[in-house]
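Heads up, the thing below is written out as structure tokens.
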Amino acid sequence: MNLSELRKAARNDLKGKWHIGIIITIVAFVIGVYSFGLMPMINLPAEEWLKDPSILIKDWRNIFYFDMRSVRMGLFHLLGAAGVLGQCYCFLLIANNEQCRIRDIFHCYPQMAPAIGLRLLRSVYTFIGLSLFVIPGIYLYYTYALSPWIMADDPNIGARRALQLSKRVMNGYKMKLFLLDLSFIGWFALCVLSMGIGLLFLIPYHCTARAEFFKGIRSRSKPAQ
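In the numbering used here, the protein residues as written are 8 to 232.
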């Protein structure tokens, strides 16, 4: 499917279900699905790094200094890991034209440990890539982008296996997913103008398009369990 077909399929999937998608999005915010990852755990503001990059050379421990606020935010990020899988599960149900209930976002909470492992590993890989340069970070992000969808589709898959499968099935498809995400930039700009309210509609739309993308990848390359 090309990008326009993926977006059209997502809109068709959401017909009569927009309210479910919006409620799932609100719950996702509350349970930490959209927390900021490892960045809140960095003690020094980015402005200080830009003003004096040598501050890290003078004392590299500044990178790893934690205060209670950063620790709380880091824990909140990890506890939202199962919610990430639950959100993927919900939008897969919608994309498969199956009944989706609000409680389905908690479907993967019994797999809390592997979910935390997956989110932690993805955060670390992406952070390392971004630390080296922006492009490696983006590359690694899209390499492992389907890992939560794979684990949501089969919660018995461990974190490392989900990452391995994502790396395999995304071979040759990273640019397509990147372009799919990029095609929503205009909608995101409108959301900014709407004081963020539009995100309640954009996130379900974008997540369902990603669910359709995952379905297409899965049909072409069935992951070996």
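We treat Cβ as the ideally placed atom computed from N, Cα and C, and that holds for glycine.
Test item: CB-CB of residue i and residue j under 7 Å
{"i": "residue 6", "j": "residue 17", "result": "In the structure displayed, the chain extends from 8 to 232; residue 6 sits before or after that span and is not available."}
{"i": "residue 169", "j": "residue 125", "result": "yes"}
{"i": "residue 107", "j": "residue 38", "result": "no"}
{"i": "residue 149", "j": "residue 181", "result": "yes"}
{"i": "residue 123", "j": "residue 82", "result": "no"}
{"i": "residue 87", "j": "residue 141", "result": "no"}
6 Å Cβ shell around residue i - same chain, five flanking residues per side excluded
{"i": "residue 95", "result": "155, 156 and 159"}
{"i": "residue 218", "result": "98, 99 and 102"}
{"i": "residue 46", "result": "Note that residue 46 has pLDDT 46, beneath the 50 cutoff, so the model's placement of it is unreliable and the number below is only indicative. Closer than 6 Å at Cβ, skipping near neighbours: no residue."}
{"i": "residue 206", "result": "198"}
{"i": "residue 143", "result": "136"}
{"i": "residue 113", "result": "93"}
{"i": "residue 129", "result": "151"}
Exposure label - residue i; buried when at least 16 CB within 10 Å
{"i": "residue 93", "result": "buried"}
{"i": "residue 152", "result": "buried"}
{"i": "residue 204", "result": "exposed"}
{"i": "residue 202", "result": "exposed"}
{"i": "residue 120", "result": "exposed"}
{"i": "residue 200", "result": "exposed"}
{"i": "residue 166", "result": "buried"}
{"i": "residue 139", "result": "exposed"}
{"i": "residue 226", "result": "exposed"}
{"i": "residue 189", "result": "exposed"}
Residues of its chain near residue i, where Cβ-Cβ distance is below 8 Å and the 5 sequence neighbours each way are ignored
{"i": "residue 109", "result": "27, 30, 31 and 34"}
{"i": "residue 232", "result": "Because residue 232 carries a pLDDT of 42, less than 50, the predicted location of this residue cannot be relied on, and no value is offered for it."}
{"i": "residue 117", "result": "162"}
{"i": "residue 228", "result": "175 and 176"}
{"i": "residue 105", "result": "none"}
{"i": "residue 25", "result": "208 and 211"}
{"i": "residue 185", "result": "145 and 149"}
Assumed close pair residue i, residue j - CB separation to whole angstroms, cut-off 8 Å
{"i": "residue 215", "j": "residue 10", "result": "Between residue 10 and residue 215 the Cβ distance is about 14 Å, and since that is not below 8 Å, they are no contact."}
{"i": "residue 176", "j": "residue 224", "result": "5 Å"}
{"i": "residue 221", "j": "residue 187", "result": "That pair is no contact at about 11 Å."}
{"i": "residue 209", "j": "residue 191", "result": "7 Å"}
{"i": "residue 8", "j": "residue 42", "result": "Going by Cβ atoms, the distance from residue 8 to residue 42 rounds to 31 Å, so no, they are not a contact pair."}
Sequence-distant residues of its chain with Cβ nearer than 7 Å to residue i (five each side left out)
{"i": "residue 115", "result": "89, 92, 93, 96, 122, 159 and 162"}
{"i": "residue 195", "result": "209"}
{"i": "residue 127", "result": "85"}
{"i": "residue 193", "result": "none"}
{"i": "residue 13", "result": "187, 216, 219 and 220"}
{"i": "residue 19", "result": "none"}
Let me know the alpha helix (DSSP H) ranges lying completely inside the stretch 74 to 129, each 4 residues or longer, listed in chain order.
-> Listed in chain order, they are 75 to 86 and 88 to 102.
Whole alpha helix (DSSP H) elements within the stretch 129 to 209, 4-residue minimum = Secondary structure in the stretch 129 to 209: the alpha helix (DSSP H) runs of 4 residues or longer, each lying completely within the stretch, are 141 to 150, 154 to 160, 166 to 176, 181 to 189 and 192 to 200 in chain order.
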